[in-house]
Structure formats: structure tokens, C-alpha cells
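Written out below as C-alpha cells is the structure these notes cover.
Protein chains: 4
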Amino acid sequence: MRVLITGFDPFGGEKMNPSFEAVKQVQIQNQEIEIIKLEVPTVFYKAMKTIEEEIEKSRPDIVICTGQAGGRTDITIERIGINVIDARIPDNEGQQPIDEKIDANGEDGYFSNLPVKAMVRSLKNNDIPASVSNTAGTFVCNYLLYGVMHLVKTKYPEMRAGFIHVPFLPEQVTDKKNMPSMSMEMMSKAFEIAIETALTTEVDVKEIGGTLH
Amino acid sequence: MRVLITGFDPFGGEKMNPSFEAVKQVQIQNQEIEIIKLEVPTVFYKAMKTIEEEIEKSRPDIVICTGQAGGRTDITIERIGINVIDARIPDNEGQQPIDEKIDANGEDGYFSNLPVKAMVRSLKNNDIPASVSNTAGTFVCNYLLYGVMHLVKTKYPEMRAGFIHVPFLPEQVTDKKNMPSMSMEMMSKAFEIAIETALTTEVDVKEIGGTLH
Amino acid sequence: MRVLITGFDPFGGEKMNPSFEAVKQVQIQNQEIEIIKLEVPTVFYKAMKTIEEEIEKSRPDIVICTGQAGGRTDITIERIGINVIDARIPDNEGQQPIDEKIDANGEDGYFSNLPVKAMVRSLKNNDIPASVSNTAGTFVCNYLLYGVMHLVKTKYPEMRAGFIHVPFLPEQVTDKKNMPSMSMEMMSKAFEIAIETALTTEVDVKEIGGTLH
Amino acid sequence: MRVLITGFDPFGGEKMNPSFEAVKQVQIQNQEIEIIKLEVPTVFYKAMKTIEEEIEKSRPDIVICTGQAGGRTDITIERIGINVIDARIPDNEGQQPIDEKIDANGEDGYFSNLPVKAMVRSLKNNDIPASVSNTAGTFVCNYLLYGVMHLVKTKYPEMRAGFIHVPFLPEQVTDKKNMPSMSMEMMSKAFEIAIETALTTEVDVKEIGGTLH
Numbered sequence: 000m001r002v003l004i005t006g007f008d009p010f011g012g013e014k015m016n017p018s019f020e021a022v023k024q025v026q027i028q029n030q031e032i033e034i035i036k037l038e039v040p041t042v043f044y045k046a047m048k049t050i051e052e053e054i055e056k057s058r059p060d061i062v063i064c065t066g067q068a069g070g071r072t073d074i075t076i077e078r079i080g081i082n083v084i085d086a087r088i089p090d091n092e093g094q095q096p097i098d099e100k101i102d103a104n105g106e107d108g109y110f111s112n113l114p115v116k117a118m119v120r121s122l123k124n125n126d127i128p129a130s131v132s133n134t135a136g137t138f139v140c141n142y143l144l145y146g147v148m149h150l151v152k153t154k155y156p157e158m159r160a161g162f163i164h165v166p167f168l169p170e171q172v173t174d175k176k177n178m179p180s181m182s183m184e185m186m187s188k189a190f191e192i193a194i195e196t197a198l199t200t201e202v203d204v205k206e207i208g209g210t211l212h
Numbered sequence: 000m001r002v003l004i005t006g007f008d009p010f011g012g013e014k015m016n017p018s019f020e021a022v023k024q025v026q027i028q029n030q031e032i033e034i035i036k037l038e039v040p041t042v043f044y045k046a047m048k049t050i051e052e053e054i055e056k057s058r059p060d061i062v063i064c065t066g067q068a069g070g071r072t073d074i075t076i077e078r079i080g081i082n083v084i085d086a087r088i089p090d091n092e093g094q095q096p097i098d099e100k101i102d103a104n105g106e107d108g109y110f111s112n113l114p115v116k117a118m119v120r121s122l123k124n125n126d127i128p129a130s131v132s133n134t135a136g137t138f139v140c141n142y143l144l145y146g147v148m149h150l151v152k153t154k155y156p157e158m159r160a161g162f163i164h165v166p167f168l169p170e171q172v173t174d175k176k177n178m179p180s181m182s183m184e185m186m187s188k189a190f191e192i193a194i195e196t197a198l199t200t201e202v203d204v205k206e207i208g209g210t211l212h
Numbered sequence: 000m001r002v003l004i005t006g007f008d009p010f011g012g013e014k015m016n017p018s019f020e021a022v023k024q025v026q027i028q029n030q031e032i033e034i035i036k037l038e039v040p041t042v043f044y045k046a047m048k049t050i051e052e053e054i055e056k057s058r059p060d061i062v063i064c065t066g067q068a069g070g071r072t073d074i075t076i077e078r079i080g081i082n083v084i085d086a087r088i089p090d091n092e093g094q095q096p097i098d099e100k101i102d103a104n105g106e107d108g109y110f111s112n113l114p115v116k117a118m119v120r121s122l123k124n125n126d127i128p129a130s131v132s133n134t135a136g137t138f139v140c141n142y143l144l145y146g147v148m149h150l151v152k153t154k155y156p157e158m159r160a161g162f163i164h165v166p167f168l169p170e171q172v173t174d175k176k177n178m179p180s181m182s183m184e185m186m187s188k189a190f191e192i193a194i195e196t197a198l199t200t201e202v203d204v205k206e207i208g209g210t211l212h
Numbered sequence: 000m001r002v003l004i005t006g007f008d009p010f011g012g013e014k015m016n017p018s019f020e021a022v023k024q025v026q027i028q029n030q031e032i033e034i035i036k037l038e039v040p041t042v043f044y045k046a047m048k049t050i051e052e053e054i055e056k057s058r059p060d061i062v063i064c065t066g067q068a069g070g071r072t073d074i075t076i077e078r079i080g081i082n083v084i085d086a087r088i089p090d091n092e093g094q095q096p097i098d099e100k101i102d103a104n105g106e107d108g109y110f111s112n113l114p115v116k117a118m119v120r121s122l123k124n125n126d127i128p129a130s131v132s133n134t135a136g137t138f139v140c141n142y143l144l145y146g147v148m149h150l151v152k153t154k155y156p157e158m159r160a161g162f163i164h165v166p167f168l169p170e171q172v173t174d175k176k177n178m179p180s181m182s183m184e185m186m187s188k189a190f191e192i193a194i195e196t197a198l199t200t201e202v203d204v205k206e207i208g209g210t211l212h
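Chains as they are written, first to last, in numbering that gives the first Met the number 0: chain A, 0 to 212; chain B, 0 to 212; chain C, 0 to 212; chain D, 0 to 212.
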């Protein structure tokens with residue numbers, strides 16, 4: 000099995016981005032799992048170009064993108080990416096699209112097809128605070144999640160993909176007031192557990208849901 | 000023009016639901032606007048049945064659903080409803096679906112087609128704290144938003160619809176710790192402004208967005 | 000009975016200070032209660048000079064100082080003023096003392112001798128969110144509280160005094176993220192109730208406490 | 000030099016108390032520093048008895064008490080203990096004093112005579128989130144801080160003492176919503192740095208403060 004795990008470069012005035020720092024520490028002992036690590040620029044459009052080239056080249060079974068969600072207290076597994084860019088701050092190349100669709104013909108939202116609930120359970124069972132998040136925001140993180148799920152829908156239907164947000168690192172918050180943080184060790188352990196769970200568990204949304212009309 | 004505005008009945012142990020309390024106070028002076036007020040039960044399935052019957056009967060131009068988002072500090076205009084029920088607590092009839100699709104064939108998410116950004120601007124211009132929210136949660140509020148937007152997509156394409164969340168009322172938080180609240184007067188004034196803006200403004204998401212592939 | 004109630008002028012870049020705005024709205028029907036309203040500058044040293052002159056002149060039975068505690072969700076009745084200035088931002092005349100004692104010979108802290116718990120109870124009984132606070136910070140609010148209690152200890156032993164913090168007003172938070180607020184009407188009603196309770200209730204700290212050695 | 004560092008046993012339904020867990024991990028290499036570790040019961044009166052016996056026996060130069068402040072994001076060095084018990088929950092022997100003085104003849108508050116600001120600086124310089132706190136609450140933590148400072152004032156004037164609060168551990172918050180946490184490693188490292196700084200730095204409150212009258 001091949002797993003592509005990505006993190007972003009620093010943005011918003013931060014000196015580091017915990018997501019790729021933690022990705023670099025990930026170690027999977029299982030010989031049958033190949034891990035590809037990729038740093039993605041916090042730049043609209045270019046972020047998708049970067050990941051799409053890697054996907055085309057290495058054809059991963061699973062793609063796990065990760066990013067920083069400053070202010071959150073725990074590891075959050077994103078449930079859905081939505082078809083909008085609404086940038087509160089400029090990206091790393093100064094672009095700041097407001098209320099633009101990511102794909103003019105795409106659906107309004109795409110669920111991750113990773114087992115988000117199972118991943119949360121595994122993390123908690125390992126004493127790592129975690130929860131499902133219902134919004135990845137409207138900046139580059141959501142852009143990447145939506146874009147990758149669009150790839151799944153349109154080009155790689157067998158691929159499974161999703162997004163994990165991490166809090167700030169302790170060293171990022173020493174000059175911020177009342178801002179939660181998490182250790183790098185816990186983040187990279189979280190990614191290792193998330194990968195293992197994603198590889199071994201079925202998606203958990205029941206398709207049995209009612210029909211509205 | 001006909002506007003249907005709904006609120007929920009109390010749930011989760013609360014004695015009142017600020018959403019319908021504030022809906023009751025809404026007064027629109029404009030003679031050309033007819034306001035229909037409807038209380039919707041905080042019950043999965045029955046909530047949609049209730050609103051769909053009213054929509055069928057009165058054929059509103061605009062539907063604004065409202066609900067309580069305890070813990071939020073401001074009026075939030077929801078951007079999207081997503082196709083999942085994941086109930087943290089039972090609804091008012093004891094149902095607690097977990098990870099079920101709302102509509103087995105529906106898309107993963109549906110954007111509101113109200114002018115959410117313009118509504119936020121109008122509210123702020125009137126000194127009312129407001130913001131766009133990217134998640135209506137996964138309880139009955141999101142269920143209703145998704146369900147109504149599904150109706151727009153499948154049956155009433157001319158109809159415009161969306162969802163407004165309100166904080167707790169002051170009297171609901173006197174025994175809660177560090178919980179923000181907002182006055183009823185401000186909530187109902189917010190609804191009046193939101194209605195007016197929704198009636199007079201175009202939607203603001205640009206369809207010019209790029210194409211991913 | 001004579002009551003002196005004070006509020007501050009705006010500071011920290013705000014256009015208004017809810018404390019004195021709400022003080023201005025206070026109305027007590029009871030003919031036997033005389034209310035003196037005083038605006039105090041958000042300036043170390045000058046704040047005490049201003050209030051001390053008024054106290055000397057009008058000899059109030061009760062002094063209630065009020066101030067803005069941006070970020071709090073409810074009306075907070077302060078329990079204690081402490082003998083330190085540790086200014087996070089400059090005051091309105093550019094002074095920013097760090098870790099200086101307010102009075103070189105004063106005790107480390109002085110409890111308010113208002114019935115803080117009874118005041119909280121009265122407010123809650125009137126559906127106003129309220130709680131006891133154990134810190135008035137280390138800026139001009141705490142300075143004024145400590146200074147006035149020092150006056151009680153050293154010069155006016157019959158006088159009762161204390162401090163009430165209010166949240167931001169809604170109009171102050173429309174451009175702040177996730178910041179709670181409270182309506183002006185509720186704040187001034189809170190002050191009226193606080194005055195009445197302070198005039199009619201005994202202090203609630205029991206002097207029966209153990210002796211450590 | 001002899002340092003007494005204390006932590007509490009678990010309370011409030013928690014299975015562990017991070018304070019004493021982290022105290023157990025503290026290791027000081029410096030041969031000239033003797034560390035005495037003591038677990039204190041989360042019980043009014045008994046807590047003081049426990050620590051006072053140890054102080055009498057070992058005559059420490061410095062006493063650092065530590066405790067859990069669930070909900071805080073960082074290491075907080077307490078500035079002051081206040082002369083009141085106001086227990087929100089029962090202690091570990093079911094006692095729940097409300098608004099009682101700790102010492103009937105004690106002053107209203109006692110500042111810690113540790114260099115609180117210098118300790119915060121050292122922690123931040125070591126990438127550990129930290130801040131000064133102006134309230135240790137009104138439960139057993141504040142009781143112990145006030146009690147120990149009372150000992151300093153009345154019996155051991157050469158002794159230096161203070162209190163450090165720590166957040167929850169990650170494993171304590173996996174079932175709590177939006178609750179910040181900190182790793183045990185960081186807590187015990189924080190204690191080691193705090194001890195070193197306390198041993199080598201002067202107190203930072205300037206006695207030059209003005210005189211009120």
C-alpha cells in the first residue's frame with residue numbers, strides 16, 4: 000500500500016508549520032506500507048498542481064493532507080471540503096480570492112472518504128485528543144481538501160483521501176494569549192495512527208439514510 | 000413577496016428556544032412583504048415534513064430557517080448544509096441517528112442561495128455582531144438547512160433559502176459558566192434586517208471560479 | 000443614602016467605554032437614594048485623584064466603580080483589588096508601569112466590602128448573567144479598586160465600596176472575532192440592581208474562618 | 000539549597016492530577032540542590048497540615064506548590080493567594096466551605112515572593128507557553144498558596160514560596176470538548192526551569208510604588 004501524506008509550508012507570519020514538521024517525523028514500521036511525504040505550498044492553485052503531479056506520479060492508495068488550525072485544541076479529522084475560496088488573509092504569493100468557487104462545475108461539497116470517526120476513535124484510544132471537524136475553513140486547507148476529493152470523484156475513484164488539522168505547537172504560542180497547543184511528538188504519533196486506521200477500516204457513513212422526496 | 004421564517008422549539012434541556020421566540024417578535028413594515036412564521040419541531044424527519052407542507056401551501060419566495068447555536072457569540076449566517084446526520088444528543092422524540100445520510104441520493108453539500116456575505120454586512124452596519132458560518136453542525140439545524148436546499152435543487156428552483164443561527168439568550172446562561180448571549184431585541188432586529196437584505200440583494204459567490212481539470 | 004457610581008472613559012483604541020455609557024443610563028426611583036455619577040480617566044494616579052476629590056466632597060455611603068472587561072461574557076463583581084500595577088498597554092496618558100506597587104505600605108490585597116455574592120444572586124434572579132470575579136486584572140480598573148479600598152481602610156471605615164466589570168457592547172465587537180457582548184440596557188439595569196442590593200444587604204464573607212496557626 | 004515541590008492528588012472526578020505526576024518526573028542535575036517531593040491531599044485544612052509538617056521537618060529554602068487548572072492553556076505562575084475559601088465542588092473529603100476566611104486574622108491577600116515574571120520569561124525562552132496568573136481561584140490551590148505565604152509572613156520570613164498551575168494532560172481531555180492540554184514532559188521540564196529560576200533570581204515587584212495618601 001502506498002500512502003501520500005502532505006503538510007503545508009508556514010503562513011500567516013508563523014516561522015513554522017506544525018503540519019509538515021510533524022509529517023517529517025512520521026515513521027511506519029510496517030514494510031508493506033510505503034510512505035511518501037510532500038510539502039505543499041500555502042498558495043491557491045499551486046497547491047493543487049503540486050499534489051496532483053505527485054498523485055499522478057506515485058498513484059497512492061491513500062492521500063492524507065494535513066494543515067495547521069491555530070486555535071483548535073485537538074487533532075481534527077475533516078469531514079468535508081466545500082467549493083469556495085474565501086481567504087481571510089493573503090496566501091504565500093499574495094493571492095486573496097474572496098467568495099470564488101474552487102471549481103465552476105464542481106458540487107458544493109465533497110465528503111472525505113476516509114473513515115473519519117474510526118480515526119478519531121483510534122486517536123482517543125491512544126490518549127490523543129481528537130474530534131471530527133465539520134469545516135476545514137475557506138482558506139488553502141479547504142481548497143486542498145476539496146481539490147483532492149474532486150480528483151477522487153473525477154479521476155481516481157479508488158483513491159481514498161482526507162484532511163487532518165493540527166493545533167499550534169507550544170513554541171508558536173508563547174507570545175499568543177490563551178492559545179492552546181500540542182506537542183510535535185503527539186502530532187506525528189497521531190498521523191501514524193491515522194494512517195494505520197485509514198488503511199484498515201471501512202468508511203463509516205451509512206448509505207442507508209432516508210430519501211427526502 | 001412572501002417570506003417564510005421558521006424557528007425551532009426548545010431542545011437539549013432548555014426551557015425556550017431563542018430562535019422561535021425572536022421570530023415571533025419580527026415585524027416588517029413594508030406592505031409588499033408578507034411574513035409567514037412557523038415553529039418547527041426539533042425532530043428529524045418531522046422537521047422537514049412540517050416545513051415542506053408549509054412551503055407547498057404558501058409558496059414563499061424566500062425561506063429563512065433559524066435555530067439556536069449555544070456557545071456562539073454572534074448572529075451566524077450559514078453557508079452550507081451537509082448530507083449527514085450525526086446527533087450528539089437525542090432529538091425531541093428520542094431519535095439519535097449517527098453518521099446517516101440525510102438523502103441517499105443527494106449531493107454531499109448544498110450552499111445556501113441567500114446572499115450570506117451581504118446579510119453579514121447589513122447586520123454589522125446596524126451594530127449587530129454577525130459572521131458567516133461554514134458549519135451548521137450535524138444536528139436538526141443542519142438537517143433542516145440541507146433538506147430545504149435539497150427542495151430548492153429538486154422542486155422549487157426559484158426559491159431562495161438559508162439558515163441563521165442565534166446565540167443563547169441572557170436568561171439561558173445565568174447558570175452556565177462563561178457562556179456568551181445576545182438580547183432578544185437584537186435577534187429579532189437581526190432577522191428583520193436579514194429578510195430585507197435577502198429580498199434586495201443578489202447572491203455573492205462568484206461563479207467565475209477556476210476549473211480544476 | 001448617597002451612592003457614587005463611576006465609569007471610565009474609552010481606552011485601548013475603543014471609541015466608547017460601556018461602563019460610563021451604562022452609568023449614564025442608571026435611574027433609581029427611590030427618593031431616599033441620591034446617585035452621583037462620575038467619569039474617571041483611564042489614567043494611573045489621576046484616576047484616584049479624581050475619585051478621591053469626589054468622595055471628599057460628597058461623602059458617599061457606597062462607592063461602585065465600573066469598568067470594561069473586554070472578553071468576559073457576563074457582569075462580574077470583583078472580590079479583591081491587589082497592590083500592583085502591571086500594565087499590558089499604556090494608559091490614556093501613555094504611562095505603562097510594570098510590576099509597581101500601588102501603595103508602598105499597603106497590604107497586598109483588599110477585599111471589596113460590598114456583598115458580592117448577594118449582588119450576583121440578585122442579578123441572576125433578574126435574568127442577568129453574572130458571577131464573582133477573583134481578579135480585576137492589573138491595569139487601571141484594579142488600580143482604582145485597590146485605591147478606593149485603601150481609602151476605606153485608612154480614611155473612611157464606614158464607606159462600602161467595590162467594582163463591577165461589564166463586557167463589550169455589541170457595537171464594539173462587530174469587527175472582533177468570537178468576542179462576547181452585552182446590551183447597554185442590560186448593563187445599566189445591572190447597575191441599578193447592584194446598587195439596590197448593595198444598599199440593603201450585609202457582606203457575605205464569614206469571619207468565622209479557621210486560624211492557620 | 001533545599002527545594003520543596005508539592006503536587007495534589009486527583010480531584011473532581013479525574014483519575015490523575017497532572018501536578019503531582021509531573022512533580023514525580025522532576026530531575027535536577029545540580030548537586031547543590033536538594034529536591035523534596037510531596038503529594039498533598041486535595042482537602043482543606045489537611046493540605047496545610049501536610050505541607051506544614053514537611054516544612055517544619057526539612058526547612059526548605061524554597062517551596063513551590065503545583066496544582067491542576069483545567070481549562071488553562073499554559074503554565075501559570077500565580078501572583079497572589081487570597082484569604083477566602085469558596086468551593087465550587089466538594090474537596091476529597093466532602094468539605095465545601097463557602098465564603099469562609101482561611102485565617103480570621105490574616106490579611107486579605109499575600110503575594111508570592113517568588114520571581115513570577117522571571118519564571119515566566121525563563122519558561123518562554125525555553126519554548127514553554129507560560130504567563131502570570133492573578134488568581135489561583137478559591138478552592139484548595141488558593142488555600143494552599145495563601146496558607147504557605149501566611150507561614151512565610153508569620154514564621155519563616157526567609158523562605159520563598161509560590162504556586163504553579165498546570166493545564167490538563169492530553170489523556171484527561173479526550174472526552175472533554177474543546178479543552179486545551181499540555182504534555183507531561185513539558186510540565187516537568189517547566190518545573191525544573193521554574194526551580195532554577197526561583198533559586199537564582201530576585202523578586203521583580205518594585206517597592207518604589209507611589210504612596211496613595
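We put the CB at the ideal spot given by N, CA and C, even for glycine.
If you draw a 10 Å sphere on the C-beta of B/Gln67, you find 16 or more other C-beta atoms in it, and that means buried. B/Glu31 is classed as exposed because its beta carbon has fewer than 16 other beta carbons within 10 Å across all chains shown. Per DSSP, D/Tyr155 lies in no alpha helix (DSSP H) and is assigned neither H nor E. The alpha-carbon separation between C/Glu106 and A/Pro169 amounts to approximately 37 Å. Only residues of its own chain outside the window of five on either side were considered, and among them Met15, Asn16 have a CB closer than 7 Å to the CB of B/Pro9, listed in chain order. Annotated three-state conformation of A/Ile192 is helix, per DSSP. Per DSSP, A/Thr49 is one residue of the alpha helix (DSSP H) stretching across 45-57. Interface annotation for the segment 100-114 of chain B against chain A: Lys100, Ile101, Asp102, Ala103, Asn104, Gly105, Glu106, Asp107, Gly108, Tyr109, Phe110, criterion Cβ-Cβ distance under 8 Å. Looking at the DSSP output, D/Ala21 shares a beta bridge with no other residue. Chain order gives the chain C residues near D/Gly136 as Asn133, where near means a beta carbon separation below 8 Å. For a cut-off of 8 Å, the C-beta gap from B/Thr75 to C/Met178 is around 14 Å, too long to register as a contact.
Beta-bridge pairing by DSSP links C/Gly6 to C/Glu38. In the DSSP annotation of this structure, the continuous segment of the alpha helix (DSSP H) that includes C/Ala117 starts and ends at 115-124. Neighbours of A/Val139 in chain D, taken as residues whose beta carbon is under 9 Å from its own, are absent, since the nearest beta carbon is some 24 Å off. With respect to chain B, the C-beta atom of A/Ile81 has a partner C-beta closer than 7 Å.
The beta carbon of D/Asn125 sits closer than 6 Å to the beta carbons of Ile192 from its chain, once the five residues preceding and following it are set aside; these are given in chain order.
B/Val172 reaches chain C at Thr72, Asp73, Pro128, counting residues in chain order whose Cβ is nearer than 9 Å.
With contact defined as three or more Cβ pairs closer than 8 Å, the segment 142-161 of chain A and the segment 110-118 of chain A are in contact. Contact check for C/Leu3 against C/Val62 passes: the beta carbons are separated by less than 7 Å. By the criterion of at least three beta-carbon pairs nearer than 8 Å, the segment 41-58 of chain B is in contact with the segment 137-156 of chain B. At least one CB of chain A lies nearer than 7 Å to the CB of D/Lys123.
Counting along the chain, the unbroken alpha helix (DSSP H) around D/Gln171 starts and ends at 169-172.
Apart from sequence neighbours up to five positions away, the residues of its chain that approach B/Thr49 with a beta-carbon distance below 8 Å are Leu37, Val39, Pro40, ordered along the chain. One alpha carbon belongs to A/Asn91, the other to A/Ser180, and they sit about 23 Å apart. Rounded to the nearest whole angstrom, the C-alpha separation of D/Thr153 and C/Gly6 is 39 Å. Note on B/Asp174: under 16 other CB atoms within 10 angstroms of its CB, so exposed under the neighbour-count rule. For the segment 183-202 of chain D, the set of residues with a beta-carbon nearer than 9 Å to any beta-carbon of chain A comprises Glu184, Met185, in chain order. The alpha carbon of A/Val131 has as its nearest neighbour, out of B/Arg120, B/Val147, B/Ser130, B/Asp98, the alpha carbon of B/Asp98. DSSP lists no bridge partner for D/Arg87.
Beta-bridge partners assigned by DSSP to B/Cys64: B/Thr5, B/Phe162.
The beta carbon of B/Asn177 falls within 7 Å of a beta carbon belonging to chain C, placing the residue at that interface. In the DSSP secondary-structure assignment, B/Tyr109 is bridged to B/Gly80. Counted as a single uninterrupted DSSP element, the beta strand (DSSP E) harbouring C/Val131 occupies residues 129-132. A straight line joining the alpha-carbon of D/Ser18 with that of D/Gly69 spans about 11 Å. At a Cβ-Cβ threshold of 7 Å, B/Ile81 and A/Ile79 count as neighbours. With respect to A/Asn133, B/Thr65 sits apart: the two C-beta atoms are not nearer than 7 Å.
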